[in-house]
Each structure stands twice: as C-alpha cells, then as structure tokens.
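A.B. asks: This is the structure I have questions about; it appears just below.
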Amino acid sequence: MVIIFGKYIKPLEVIDALLADHRRFLDTFLKESKFICYGPQNPRVGGVILASVGLDEVREILKSDPFYINKAVEYQFVEFSPVNCNGNFLSLSKREIQEIGDGCIFGNW
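Numbers 346 to 454, taken from this note's numbering, label the letters of the sequence shown in order.
Shown next, in the form of structure tokens:
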C-alpha cells in the first residue's frame with residue numbers, strides 16, 4: 346500500500362486546466378481498485394492518493410497522469426504494510442483482510 350503526496354509546481358491556473366483530465370485518470374484506477382481514495386490537500390497545494398498496489402506499480406501508473414506529463418506536480422511516496430485498521434476500512438481494500446472485532450488484520454501484503 347502506498348500513500349502518494351503530490352505537490353503542485355505550476356500555478357493553480359495550470360492545475361485547474363488539467364484537473365478534469367487528472368480526475369478521469371484517477372477514476373480509471375479507482376475503478377480497477379488500484380487506488381482506494383484521492384483528494385486535494387487543504388490548503389490547496391497538492392493532493393493525496395491512497396493506493397492498494399506497491400510502489401513500483403504506482404510509479405508506472407503515475408507516468409500517465411496528466412499532472413505528471415505536464416510537469417505540474419512532484420510526487421512523494423510512503424510505502425507501508427498495514428497491520429490493523431478500523432472495521433470500516435474493510436469495504437475499501439481489495440487485499441486479504443481478517444476481521445478482528447471492530448478492527449482488522451491484513452494478510453500477506
């Protein structure tokens with residue numbers, strides 16, 4: 346699992362012009378369950394994506410992001426292996442998860 350932090354490096358006018366294409370790109374991978382969720386940071390200096398795939402696959406996916414293609418964003422990555430979560434997270438992850446009371450334990454990640 347990877348948390349992706351995007352930092353805008355172009356003016357918001359450029360970001361806004363690319364935003365519809367960027368969101369279509371993100372929605373493609375949401376439908377494939379490779380991304381779990383995404384959204385802008387507050388204040389609006391970039392965005393965050395939670396991915397259910399590994400770092401190598403995330404890097405490949407992001408090469409087709411309109412923000413990346415137009416050099417409008419820089420990405421930072423945090424790869425981690427969840428070991429527990431709130432039970433509500435169960436419906437968000439495609440990975441093997443074992444439910445334990447109100448939480449969960451992730452299987453082989």
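Where is the CB? At the ideal position from N, CA and C, for every residue including glycine. Keep in mind it's a predicted model, so treat the numbers as computed, not measured.
Using only CA atoms, which one of P427, L395 and K355 lies nearest to A417?
C.D. replies: K355
A.B. asks: Counting only the same chain and skipping the five closest in sequence on each side, list residues whose C-beta sits under 6 Å from that of G351.
C.D. replies: If we look at G351 and ignore the five residues flanking it on each side, its Cβ neighbours are G391, G392, V418 and Y420.
A.B. asks: Can you list, in chain order, the residues of its chain with a C-beta nearer than 8 Å to that of N415? Leave out the 5 residues immediately preceding and following it.
C.D. replies: K355, V359 and L363
A.B. asks: Would V398 be called buried (16 or more neighbouring beta carbons within 10 Å of its own) or exposed?
C.D. replies: Buried, because 16 or more other Cβ atoms sit within 10 Å of the Cβ of V398.
A.B. asks: Closer than 7 Å by C-beta to L400: which residues in its own chain qualify, once you throw out the five before and the five after it? Chain order, please.
C.D. replies: So the list reads V347, F422 and E424, once near-sequence residues are dropped.
A.B. asks: Does DSSP put V359 in a helix, in a strand, or in coil?
C.D. replies: helix
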